[in-house]
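Encoded as structure tokens, the structure appears first; notes follow it.
In the numbering used here, the protein residues as written are 72 to 178.
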């Protein structure tokens, strides 16, 4: 989510993320084992902060993050609009690989 005040918030979870067992109820994670908690958290990306646009890049200045090493860093994403579709890509890594996500605006 990009807000007009310059705030960005990202939450992404795997489609096949396992639910916690039935003995774990409500908001109380204390009944879950360490392995169950780890499985539920695996693949989750969640962070928030401020953003700024520089040319074809959007910079996410991370204030809070599920991955603690991102706090205080800047995540760079290359963006492209095509109609109602926003494509965000990471810059290529050392091996030339990158990640891409597409968002479609529903009207």
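C-beta: ideal position from N, C-alpha, C; glycine also.
The model shown is predicted, which means the values in this text are computed figures rather than measured ones.
For residue i: DSSP bridge partner residues
i           : result
residue 132 : 121 and 145
residue 170 : In the DSSP output, where bridge partners are listed per residue, residue 170 has none listed.
Backbone CA spacing between residue i and residue j [nearest angstrom]
i           : j           : result
residue 142 : residue 169 : 21 Å
residue 133 : residue 79  : 9 Å
residue 82  : residue 137 : 9 Å
residue 129 : residue 140 : 20 Å
residue 155 : residue 175 : 6 Å
Helix, strand or coil at residue i [DSSP, three-state]
i           : result
residue 96  : coil
residue 101 : helix
residue 153 : strand
Start-to-end residues for the beta strand (DSSP E) that takes in residue i
i          : result
residue 83 : 78-83
residue 91 : Residue 91 -> no beta strand (DSSP E), and no H or E assigned at all.
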